[in-house]
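Novice: Those letters in the first sequence? Residues 103 to 535, by the working numbering.
Think of the CB as a built atom: it goes at the ideal place given N, C-alpha and C, for glycine as much as any other residue.
All values reported here derive from a predicted model rather than from experimental measurement.
Right, I'll just put the structure down here and ask away after.
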Amino acid sequence: MTTISIEQAGKYDGQEVTIKGWLYNLRESGKLLFPIFRDGTGIMQGVCALKENPEAFAALKGLTQESSVIVGGKIRAEQRAPGGFEMGVSTIEVLQKVSEATPFPIQLKEHGVDFLLDHRHLWIRTPRSAAILRIRAEAIRAARNYMDEQGYTLTDAPIFTPAACEGTSTLFEVNYIDDQKAYLTQSGQLYGEALAMALGKIYTFGPTFRAEKSKTRRHLTEFWMLEPEAAYAELDDMMALAEGLVSAMVQSVVKNKSRELETLKRNIQKLENIKAPFPRISYDEAIAILHKHGNPAKFGDDIGGDEETIVSSEFDRPVMVHRYPAAIKAFYMQPDAQRPDLALAFDMLAPEGYGEIIGGSQRIHDYDLLVKRLRENNLPEESFQWYLDLRRYGSVPHAGFGLGLERTVAWICGTEHIREVIPFPRMLYRVYP
RNA sequence: UCCCCGGUAGCUCAAUGGUAGAGCGUUCGGCUGUUAACCGAAAUGUUGGAAGUUCGAAUCUUCCCCGGGGAGCCA
């Protein structure tokens with residue numbers, strides 16, 4: 103008998119098939135049982151009557167949630183069944199029955215955050231988690247496709263890095279070989295710059311680690327970041343790339359994962375609007391918007407979480423804020439030629455209060471200026487010799503950005519917290535399971 | 001690091017200083033079209049920990065532990 107995936111069940115109407123999966127739920131009604139099976143691709147209701155299949159009935163009756171089962175039967179269209187199809191169960195093999203003494207902890211009802219996170223290894227079996235993780239996969243696939251199509255080469259930055267680049271406070275220190283110290287990367291950017299000088303247009307995509315003690319719904323200590331870097335590119339080029347990338351990710355999910363979005367009850371219309379071009383406003387204009395809403399922000403202030411929400415609420419798609427005061431931005435950012443007190447940097451703020459999903463900039467390509475900035479920031483020049491080399495040997499204007507995968511996927515999915523969009527979240531005070 | 005909130009049955013929560021409860025889950029029984037099924041019954045507690053106030057503390061006080069949300073910082 104053909105083994106099918108529940109996702110494809112509609113194509114087998116009227117046929118005898120096998121499903122390999124787990125018992126998701128069981129409703130009993132006397133001599134009639136309504137098991138619900140899941141196989142990782144979806145859930146499907148089964149029906150089993152004592153009179154017709156006494157053996158299967160006996161095996162199924164009283165079976166516990168998440169017991170592993172291989173079931174055979176005929177698929178049929180049935181309006182009363184969730185999903186429109188159900189299986190008339192004729193055979194069932196129970197591979198492992200979950201003991202009544204230790205029932206599956208995740209019930210089909212609400213649970214608290216702490217409990218769910220402690221049982222993340224089981225929580226991921228729920229339809230909601232499965233939908234989110236499939237959307238994450240689709241977003242990654244779309245992002246890589248888009249970058250590849252734009253002529254960017256995927257390269258990988260190291261995860262162990264040598265000295266502290268922007269101060270040790272945000273870095274995880276690890277014991278390297280023979281008592282050497284190494285640090286987990288907090289950004290692949292500096293390596294991306296070197297790779298861009300070698301290959302022209304590159305992107306890195308991998309895990310990133312931040313030891314900051316941030317306890318918010320937007321933070322993880324381990325998260326994934328996609329970081330393009332391009333030689334001979336300037337700020338506007340990167341904003342164009344960023345909006346194209348984000349549109350591609352959102353539209354791909356809308357197109358290929360609509361069922362999952364429905365599972366999450368996500369407002370799909372809001373996502374359908376997310377198409378380039380995205381609005382671009384200067385930092386000065388952002389401050390003006392804040393004033394309009396009675397926020398006292400002034401030039402030189404950073405735009406915090408509340409401010410981001412105010413600014414982004416003016417738009418129905420992500421907004422790019424550019425040309426921030428240099429004083430509040432990183433040392434390597436290129437100053438604006440017209441206004442040297444501004445950095446050629448930009449952030450992309452997602453709608454609906456999801457905040458910053460991209461931060462990027464044009465980088466300083468002038469050797470003397472970069473040395474000056476290193477000194478102003480009291481950074482150890484000797485650690486940056488290789489980085490300075492990039493300005494000694496054929497330096498060119500270049501730019502890049504970093505896209506936070508989890509923040510982006512959390513926005514696409516409409517989840518309350520980004521911890522739901524990574525299989526095993528690593529957060530402050532939580533590294534189990 | 002700072003501010004706020006929380007910790008009671010396996011889970012989600014109630015109990016306004018006076019006998020610790022309900023729903024779900026589990027167990028037993030009933031039900032041939034259920035939709036987190038329903039109906040009946042049973043078992044299940046170191047109220048996060050320590051000390052204190054009180055005739056009496058889940059409840060009030062102090063300290064500690066654990067977790068959550070936010071600030072700062074950032075993706």
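Checking 8 Å against the spacing of the C-beta atoms, do residue 452 and residue 414 come in under that value?
Specialist: Numbered from 1 along the first sequence, position 350 holds the residue referred to as residue 452. Numbered from 1 along the first sequence, position 312 holds the residue referred to as residue 414. Going by C-beta atoms, residue 452 is nearer than 8 Å to residue 414.
Novice: Does DSSP put residue 184 in a helix, in a strand, or in coil?
Specialist: Residue 184 sits at position 82 when you count from the first residue of the first sequence. Residue 184 falls in the coil class under three-state DSSP.
Novice: Quick one: what does DSSP say residue 198 is sitting in, helix, strand or coil?
Specialist: Within the first sequence, the letter at position 96 stands for residue 198. In the structure shown, residue 198 sits in a strand (DSSP, three-state: E or B).
Novice: Can you tell me the Cα-Cα spacing of residue 526 and residue 222, whole angstroms?
Specialist: Residue 526 sits at position 424 when you count from the first residue of the first sequence. Residue 222 sits at position 120 when you count from the first residue of the first sequence. Cα to Cα, the separation comes out at about 7 Å.
Novice: Could you name the residues that DSSP lists as bridge partners for residue 384?
Specialist: Within the first sequence, the letter at position 282 stands for residue 384. Answer is 424, bridged to residue 384.
Novice: Measuring CA to CA, which of 336, 245, 177 is closest to residue 104?
Specialist: Walking along the first sequence from the start, residue 104 turns up at place 2. Per the Cα distances, 177.
Novice: Runs of 3 residues minimum, wholly inside the region 137-181: which ones carry the beta strand (DSSP E) assignment?
Specialist: Here the runs fully enclosed are 145-151, 170-179.
Novice: So residue 500 and residue 467 are supposed to be a Cβ contact under 8 Å. How far apart are they, rounded?
Specialist: Sequence index remark: in the first sequence, residue 500 carries index 398 (1-based). Sequence index remark: in the first sequence, residue 467 carries index 365 (1-based). Indeed they touch by this definition, with Cβ atoms about 6 Å apart.
Novice: Give the range of the alpha helix (DSSP H) segment to which residue 297 is assigned.
Specialist: Mapped onto the first sequence, residue 297 falls at position 195. Its alpha helix (DSSP H) spans residues 291-301.
Novice: In angstroms with no decimal places, state the Cα-to-Cα distance between residue 491 and residue 303.
Specialist: The sequence position of residue 491 within the first sequence is 389, counting from 1. The sequence position of residue 303 within the first sequence is 201, counting from 1. Looking at the two C-alpha atoms, the distance is approximately 19 Å.
Novice: Would you list, in sequence order, the uninterrupted alpha helix (DSSP H) runs of no fewer than 4 residues that lie entirely inside the region 329-359?
Specialist: As far as the region 329-359 is concerned, its whole alpha helix (DSSP H) runs of at least 4 residues are 337-358.
Novice: Which same chain residues, not among the five before or five after residue 165, have their C-beta less than 8 Å away from its C-beta?
Specialist: In the first sequence, the residue the question calls residue 165 occupies position 63. Cβ neighbours of residue 165 beyond the five flanking positions: 125, 128, 137, 171, 196, 199.
Novice: How would you write the range of the beta strand (DSSP E) that residue 319 sits in, first residue to last?
Specialist: Locating residue 319 in the first sequence gives position 217, counting from the first residue. No beta strand (DSSP E) contains residue 319, which DSSP labels as neither H nor E.
Novice: Given a cut-off of 8 Å on the beta-carbon distance, is the pair residue 305 and residue 341 in contact?
Specialist: As a working note, residue 305 is residue 203 in the first sequence. As a working note, residue 341 is residue 239 in the first sequence. Not in contact: residue 305 and residue 341 (Cβ atoms no closer than 8 Å).
Novice: What are the boundary residues of the beta strand (DSSP E) that residue 127 is part of?
Specialist: In the first sequence, residue 127 corresponds to position 25, counting from 1. Its beta strand (DSSP E) spans residues 118-131.
Novice: Have a look at residue 150 and residue 193 and give me their C-alpha separation to the nearest angstrom.
Specialist: Taking the first sequence and counting its residues from 1, one reaches residue 150 at position 48. Taking the first sequence and counting its residues from 1, one reaches residue 193 at position 91. Their Cα atoms are separated by approximately 10 Å.
Novice: Identify every run of the beta strand (DSSP E) within the region 392-477, keeping only runs that are complete inside it and at least 3 residues long; order them along the chain.
Specialist: You should have 421-427, 444-452, 457-465.
Novice: To the nearest angstrom, how far is the alpha carbon of residue 528 from that of residue 324?
Specialist: In the first sequence, counting from the first residue as 1, residue 528 sits at position 426. In the first sequence, counting from the first residue as 1, residue 324 sits at position 222. So the alpha carbons of these two residues sit roughly 6 Å apart.
Novice: To the nearest angstrom, how far is it from the Cα of residue 120 to the Cα of residue 159?
Specialist: Sequence index remark: in the first sequence, residue 120 carries index 18 (1-based). Sequence index remark: in the first sequence, residue 159 carries index 57 (1-based). Each residue's alpha carbon lies about 17 Å from the other.
Novice: Starting from the Cα of residue 294, find the closest Cα among 316, 315, 313, 259 and give me that residue.
Specialist: Residue 294 sits at position 192 when you count from the first residue of the first sequence. If we check each option's Cα against that of residue 294, 259 comes out closest.
Novice: Out of curiosity, what's the CA-to-CA distance linking residue 462 and residue 186?
Specialist: The residue you call residue 462 lines up with position 360 of the first sequence. The residue you call residue 186 lines up with position 84 of the first sequence. Approximately 47 Å, taken between the alpha carbons.
Novice: Between residue 464 and residue 440, how many whole angstroms is the CB-CB distance? I'm expecting something under 8 Å.
Specialist: Residue numbering aside, residue 464 sits at position 362 when the first sequence is read from its first letter. Residue numbering aside, residue 440 sits at position 338 when the first sequence is read from its first letter. Not quite, the Cβ-Cβ distance comes to about 13 Å (not below 8 Å), so this is no contact.
Novice: Can you tell me where the alpha helix (DSSP H) with residue 510 in it begins and where it stops?
Specialist: For the purposes of this step, residue 510 is taken as the residue at position 408 of the first sequence. Where residue 510 is concerned, the enclosing alpha helix (DSSP H) stretches over 507-515.
Novice: Spatial neighbours of residue 338 within its chain, please: C-beta separation below 6 Å, excluding the five flanking residues on both sides.
Specialist: Taking the first sequence and counting its residues from 1, one reaches residue 338 at position 236. Within the same chain, residue 338 has no close Cβ partners at all.
Novice: Spatial neighbours of residue 84 within its chain, please: CB distance less than 6 Å, with the 5 preceding and 5 following residues excluded, ordered by chain position.
Specialist: Given a span of 103 to 535 for the chain in the structure shown, any question on residue 84 remains unanswerable.
Novice: Tell whether a beta-carbon distance below 8 Å holds between residue 460 and residue 503.
Specialist: What you label residue 460 is simply residue 358 of the first sequence in a count that begins at 1. What you label residue 503 is simply residue 401 of the first sequence in a count that begins at 1. The answer is yes: Cβ separation under 8 Å.
Novice: Please report the distance separating the alpha-carbon of residue 334 from that of residue 498.
Specialist: In the first sequence, counting from the first residue as 1, residue 334 sits at position 232. In the first sequence, counting from the first residue as 1, residue 498 sits at position 396. Distance between the alpha carbons of residue 334 and residue 498 is about 6 Å.
Novice: Return yes when the Cβ of residue 410 is within less than 8 Å of the Cβ of residue 391, no when it is not.
Specialist: Position 289 of the first sequence, counting from 1, holds the residue named residue 391. Position 308 of the first sequence, counting from 1, holds the residue named residue 410. No, they are not a contact pair.
Novice: Report the residue from 494, 142, 244, 400 whose alpha carbon sits nearest the alpha carbon of residue 387.
Specialist: Translated into positions along the first sequence, residue 387 becomes position 285. Residue 400 is the option with its Cα nearest to residue 387.
Novice: What's the C-alpha gap between residue 205 and residue 297?
Specialist: The residue labelled residue 205 in the question sits at position 103 within the first sequence. The residue labelled residue 297 in the question sits at position 195 within the first sequence. So the alpha carbons of these two residues sit roughly 52 Å apart.
Novice: Under the DSSP definition of a beta bridge, which residues are partnered with residue 275?
Specialist: Sequence index remark: in the first sequence, residue 275 carries index 173 (1-based). BP columns for residue 275 point to 285.
Novice: Ends of the beta strand (DSSP E) at residue 256?
Specialist: The residue labelled residue 256 in the question sits at position 154 within the first sequence. Per DSSP, residue 256 belongs to the beta strand (DSSP E) from 255-257.
Novice: Use the C-beta contact count for residue 280: other C-beta atoms within 10 angstroms, 16 or more gives buried, fewer gives exposed.
Specialist: Numbered from 1 along the first sequence, position 178 holds the residue referred to as residue 280. Label assigned to residue 280: exposed.
Novice: How would you write the range of the alpha helix (DSSP H) that residue 240 sits in, first residue to last?
Specialist: On the first sequence, residue 240 is found 138 positions in, with the first residue counted as 1. Residue 240 -> alpha helix (DSSP H) spans 229-251.
Novice: Kindly identify the DSSP beta-bridge partner or partners of residue 324.
Specialist: Walking along the first sequence from the start, residue 324 turns up at place 222. Note: residue 324 sits in a beta bridge opposite 311.
Novice: Rounded to the nearest angstrom, what separates residue 438 and residue 445 at their Cα positions?
Specialist: Walking along the first sequence from the start, residue 438 turns up at place 336. Walking along the first sequence from the start, residue 445 turns up at place 343. So the alpha carbons of these two residues sit roughly 6 Å apart.
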